[in-house]
Amino acid sequence: MFNKCEAGADIVVAIPVLDILAVYDPAAFLNEAEQAQAQRFHQLEDSLRFQAAHVLKRILIGAVVGKATADLHFARAAGGKPFLLNAGPLDFNLSHGGDWVAVALSWTGRIGVDVESEREDDFWQEISSAIMAPMDVKNIGFLKRWTAKEAAIKANGAGLAIPLTEVVIDTTDSETFVAALPTERLSGTWRQLDAAHVLATVTDGNMVEICVCNSVSILKRILDLS
Ligand SMILES: CC(C)(COP(=O)(O)OP(=O)(O)OC[C@H]1O[C@@H](n2cnc3c(N)ncnc32)[C@H](O)[C@@H]1OP(=O)(O)O)[C@@H](O)C(=O)NCCC(=O)NCCS
């Protein structure tokens with residue numbers, strides 16, 4: 552059972568794309584720019600992922616800051632990280648990967664989240680030189696390593712301006728890790744969302760509660776909307 556999500560809670564919410572879109576109509580939540588962006592994707596799946604993530608972003612943030620979703624205004628920082636205008640200490644991040652979307656909120660620090668789906672061995676071999684750092688511990692697979700590094704560069708805010716080969720992941724258990732970036736060390740957590748999807752979240756604030764919503768009714772309970 553999850554706690555109700557409220558102002559001050561450091562939390563990550565993940566939900567399948569099709570579950571959220573079955574209940575919430577993106578046209579009722581996305582602003583003009585977001586709707587225009589949704590039209591620009593060549594693949595329908597990419598557009599649906601984008602719409603689901605931004606619906607979740609607006610519902611979740613609206614609920615915790617106590618504003619109508621239409622009254623939330625966003626901008627991007629120099630490195631590309633989106634932020635909520637007039638948000639006080641709230642930092643947020645979102646990810647759309649495979650069949651899932653996730654939104655992370657932190658009131659105590661910077662936060663990043665990444666969701667990726669499992670791929671064939673060939674894919675990992677092909678991109679391994681872009682992911683592996685010489686000092687990386689060897690006891691984690693590509694999927695966990697990749698999500699951890701992406702979540703770390705997203706928490707930092709620089710995005711791919713920091714090459715993933717310069718982010719070193721160290722871990723001593725299957726759930727938590729430390730990400731060493733060129734300028735800082737950040738703490739992270741993994742969560743297996745289903746057989747094919749892994750989520751990683753990284754922060755320099757408090758550890759976050761990860762809420763995996765397998766249905767919109769769980770999401771509504773967390774948001775106290777049921
Ligand atoms: C941020 C980045 C790691 C995204 O990773 P990804 O696994 O491809 O995609 P995800 O779905 O997990 O995350 C995408 C979201 O991250 C957020 N994001 C974008 N730039 C970010 C940054 N610098 N820091 C943190 N979050 C960022 C956005 O909300 C974006 O979603 P949106 O465009 O729908 O708003 C990577 O794409 C990136 O660095 N992008 C920004 C810079 C860029 O586009 N460079 C390309 C040429 S240099």
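Residues in the sequence shown are numbered consecutively from 552, following the working numbering.
Just so you know, even glycine gets a beta-carbon here, dropped at the ideal spot from N, CA and C.
Cβ neighbours of V574 within its own chain (closer than 8 Å, five residues either side excluded): V767. Here P577 carries a helix assignment [DSSP, helix/strand/coil]. With fewer than 16 other CB atoms across the displayed protein chains lying within 10 angstroms of its CB, N690 is exposed.
Per DSSP, the continuous beta strand (DSSP E) segment holding Q743 begins and ends at 736 to 745.
The beta-bridge partner set that DSSP reports for T752 consists of V664, T740.
Secondary structure in the segment 587 to 674: the alpha helix (DSSP H) runs of 4 residues or longer, each lying completely within the stretch, are 595 to 616 in chain order.
About 5 Å separates the CB atoms of H624 and L636; that is less than 8 Å, so the two are in contact.
Annotation for E701: the continuous alpha helix (DSSP H) segment containing it runs 693 to 707. In this structure, E667 has its CB closer than 8 Å to one or more heavy atoms of ligand 1.
Within the chosen limit of 8 Å, ligand 1 reaches the beta carbon of R627 through at least one heavy atom.
If you check the CB distance, T752 and A653 come in under 9 Å. Under DSSP, the beta-bridge partners assigned to V563 are A655, I761.
In summary, A712 is exposed, with fewer than 16 beta-carbon neighbours lying within 10 Å of its beta-carbon over all protein chains present.
Rounded to the nearest whole angstrom, the CA to CA distance from C762 to G559 is 16 Å. Comparing C-alpha distances from W675 to each of G692, M686, T659, G613 shows the shortest one belongs to G692. Around the beta carbon of V688, a 10 Å sphere encloses fewer than 16 other beta carbons of the protein chains shown; the residue is thus reported as exposed. Counting only residues of its own chain and dropping the five nearest sequence neighbours on each side, H748 has a CB closer than 8 Å to the CB of G648, G649, D650, W651, V666, E667, S668, E669.
Taking L641 as the centre and dropping the five residues before and after it, the same chain places the C-beta of I612, V615, V616, L635, L656, S657, W658 closer than 8 Å to its C-beta, in chain order. For S598, same chain residues with a beta-carbon under 7 Å away, outside a window of 5 residues either side, are A589, F592 in chain order. In this structure, P633 has its CB closer than 8 Å to one or more heavy atoms of ligand 1. Residue pairing of I720 in beta bridges, as defined by DSSP: A730.
Annotated as proximal: V606 and F580, with beta-carbon spacing under 9 Å.
Note that the C-beta distance between T754 and G660 is below 9 Å. When the five nearest sequence neighbours on each side are left out, the beta carbons in the same chain lying within less than 6 Å of the beta carbon of P577 are those of Q602, V606, in order along the chain.
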